[in-house]
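Quick note: the sequence shown, position 66, residue 1112 per the working numbering, numbers continuous. Glycine is no exception: its CB is placed at the ideal position from the N, C-alpha and C atoms. Just so we're clear, the structure is a prediction, and the values are computed from it rather than from any experiment. Accompanying notes for the structure given below.
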Amino acid sequence: MKRLPRKDVVVVGLGWTGSIMALELCRAGLDVVAIERGPWRDTPTDFPPNVAPDELRNAIRHDIFLRPAQETLTFRNTQAEA
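Below, the structure written as structure tokens:
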């Protein structure tokens, strides 16, 4: 089993809130790692500010979102439901 260096904090999901939290924790002197699910998003190429948003790609085809096979979650209340 591969062992990675220990960290003080793991931030799961580096969206708006996770990014701010990670920044504040780093500023407080903690050693932080953040993990994100899904493909790499590159702001300058995926969401260029000088180009109108692609409504067909984003709103209709949902290209900006993860595929259901990647993001579908199931919840179980007891071990018997597994």
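- Cβ-Cβ distances below 7 Å link residue 1058 to 1081 in the same chain, with the five nearest sequence neighbours on each side left out; the list follows chain order.
- In the structure shown, residue 1081 adopts extended strand secondary structure according to DSSP, grouped into three states.
- The criterion of a C-beta distance shorter than 8 Å is satisfied by residue 1077 and residue 1053.
- Taking residue 1115 as reference, the option from 1083, 1100, 1061 and 1101 with the minimal CA-CA separation is 1083.
- The beta carbon of residue 1056 lies closer than 7 Å to those of 1079 and 1081 in the same chain, with the five residues before and after it left out.
- Nearest neighbour of residue 1112 by Cα position, chosen from 1097, 1094 and 1085, turns out to be 1085.
- Per the DSSP secondary-structure output, residue 1097 pairs with nothing in a beta bridge.
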